[in-house]
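*Asks:* Using my numbering, the first residue of the sequence shown is number 106, and each one after it goes up by one. All residues carry an ideal CB built from backbone N, CA and C; glycine is no exception. Quick one: the structure is below, and I'll ask about it shortly.
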Amino acid sequence: MNIDNPYLDDESDRKAAKEMDDIVKTVFSPIYPMMAKQIASQTGIAKGVCVDLGSGPAALSISLAKATDLKVYALDPSPYSYEIAIRNIEGQGLSKRIVPVIGSVEDIPFSNDFADLIVSRAAIFFWLDLPRAFEEICRILKPGGKTHIGGGFGSAALKKAILKEMTQRNPRFEKTVKSRMGPDNIARIKAALRNARIPEYDITEDETGFWIHLHAK
């Protein structure tokens, strides 16, 4: 399956990083506070170390830092997203709570057993080597740590409103969402979990989205 990834060349990366920053501050802005509360409630983890994979402009990282006492590492491979994240984090007065980092999910620049919580919203649809990504996630997850990795809009009502607004901006948006969250892509993700020999995990598919919860021993 082809992966629709706008970050693979410099000019596209620059454009996509700016566009994502614009969207998370407007149409997508209600998603992240809601999702941060959901993550804290569902995982029961509100302190320690969190890694936000594919953090982009750090919208989820910022909301998690506000909703919890977590120290958040906002990891993204894009140097343009990294620069935007720094500005956004500083603008929220959260420089001591959130650390932006340039890095790839296939080669995460953290030590073994590093994170109590690993989160990621929508970045999974851009990962080129899913089995390797899952192996790396398991490597840096502490024993007893938890993950909340996947994609979604927080609630059915938010999804409906956002799809309407975004489709007006880009007629292909709803089709892209359906493709990323469709059965073929979900099957690809599940196959990657098997190929990575992940021993224990749960997958939830509900009105909040599609989420993978790995269980570190």
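Closest to residue 140 by C-alpha separation, out of 307, 250 and 261, would be which residue?
*Replies:* 261
*Asks:* Taking the alpha helix (DSSP H) that residue 129 falls in, what are its first and last residues?
*Replies:* In the DSSP assignment, residue 129 falls within the alpha helix (DSSP H) that extends over 115-129.
*Asks:* Using alpha carbons as the reference points, say which of 114, 317 and 193 lies closest to residue 226.
*Replies:* Checked all of 114, 317 and 193; the closest Cα to residue 226 is 317.
*Asks:* Going along the chain, which residues of its own chain have a beta-carbon closer than 8 Å to the beta-carbon of residue 204, five neighbours each way excluded?
*Replies:* 176, 177, 178 and 179
*Asks:* Where DSSP assigns a beta bridge to residue 241, which residues make up the other side?
*Replies:* According to DSSP, residue 241 bridges with nothing at all.
*Asks:* Tell me the DSSP secondary structure of residue 209 in three-state form.
*Replies:* strand
*Asks:* I'd like to confirm the pairing. Which residues does DSSP put opposite residue 310 in its beta bridges?
*Replies:* 315
*Asks:* With respect to the beta strand (DSSP E) encompassing residue 401, which residues constitute its N-terminal and C-terminal limits?
*Replies:* No information on residue 401 is available, as it lies outside the stretch 106 to 322 that the chain covers here.
*Asks:* Is the separation between the beta-carbon of residue 270 and that of residue 238 shorter than 7 Å?
*Replies:* no
*Asks:* Which ranges does the beta strand (DSSP E) cover as unbroken runs of at least 3 residues, wholly within the region 241-286, from first to last along the chain?
*Replies:* 246-256
*Asks:* Taking just the CA atoms, how far does residue 219 sit from residue 146?
*Replies:* 21 Å
*Asks:* Drop a sphere of 10 angstroms on the beta-carbon of residue 196, count the other beta-carbons inside from all chains shown, and report buried for 16 or more, exposed for fewer.
*Replies:* exposed
*Asks:* Is residue 185 near residue 266, with beta carbons less than 7 Å apart?
*Replies:* no
*Asks:* State the Cα-Cα distance for the pair residue 287 and residue 156, rounded to the nearest angstrom.
*Replies:* Take the alpha-carbon of residue 287 and the one of residue 156: they are about 26 Å apart.
*Asks:* Cα separation between residue 240 and residue 272?
*Replies:* Within the model, the alpha-carbon separation for residue 240 versus residue 272 is close to 35 Å.
*Asks:* Which same chain residues end up closer than 6 Å to residue 320 when comparing Cβ atoms and leaving out the 5 residues on each side of it in sequence?
*Replies:* So the qualifying residues of the chain are 305.
*Asks:* Going along the chain, which residues of its own chain have a beta-carbon closer than 8 Å to the beta-carbon of residue 119, five neighbours each way excluded?
*Replies:* 185
*Asks:* Label residue 233 either buried or exposed according to how many other C-beta atoms from any shown protein chain fall within 10 Å of its C-beta, with 16 as the threshold for buried.
*Replies:* In summary, residue 233 is exposed, with fewer than 16 beta-carbon neighbours lying within 10 Å of its beta-carbon over all protein chains present.
*Asks:* Do the CB positions of residue 181 and residue 209 come within less than 7 Å of each other?
*Replies:* no
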